[in-house]
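Take a look at the structure below.
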Amino acid sequence: TYYTVMKQYVGLSKRYNIPLTLMLVKIQYYNNIIGLIGESRMKDFLKFIAQQLVISTRVEDNSYILEDGRTFAIVLFTDEEGANVVKKRIKNNIYQYRVENANKPINISIELKIGVASYNEKTKDIFELQAQAEKNIEFDV
């Protein structure tokens with residue numbers, strides 16, 4: 028699970044002095060999107076987002092969907108500068124979703140808020156790292 032892997036990544040980061048950054052990707056207007064496409068198509072929508080996140084990151088980076096269903100966590104072996112490059116790539120790759128409908132296709136603009144937090148020796152635990160990334164979502168424009 029996400030928390031188990033995060034503990035392992037933090038351990039590797041400490042032991043080998045590898046930069047580690049957590050990125051949280053939150054889908055804005057989640058409930059509105061459900062209203063537009065319906066619950067049945069929401070799984071396909073989330074699968075599309077997950078696929079685009081995989082395309083936007085490297086093989087060694089891991090992506091998870093969190094419990095709220097609207098937030099993805101990406102664990103990156105990079106510093107904040109590298110994470111900001113990934114952040115820009117994600118926003119460039121994920122901006123629209125097309126839903127095929129019986130009447131006519133619907134294009135949905137996707138707005139993502141992304142918060143980034145890097146692990147350092149002052150970080151108490153993975154929950155503090157996640158809280159910092161969540162806080163940084165507020166500053167994403």
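Start counting at 1 in the sequence shown, then tack on 27, and there's your number in my numbering.
Glycine included, every Cβ here is placed at the ideal spot set by N, Cα and C.
- Classified as exposed, Ser136 has fewer than 16 neighbouring CB atoms from the shown chains inside 10 Å of its CB.
- Secondary structure in the segment 54-93: the alpha helix (DSSP H) runs of 4 residues or longer, each lying completely within the stretch, are 57-64 and 66-83 in chain order.
- Listed as beta-bridge partners of Met50 by DSSP are Ile101 and Val143.
- The closest CA to that of Met50, considering only Gln157, Val126, Ile61 and Tyr56, is found on Gln157.
- Here Tyr146 is near Leu47, since their CB atoms are less than 8 Å apart.
- By the criterion of at least three beta-carbon pairs nearer than 8 Å, the segment 90-97 is not in contact with the segment 110-119.
- For Phe75, same chain residues with a beta-carbon under 7 Å away, outside a window of 5 residues either side, are Tyr124 in chain order.
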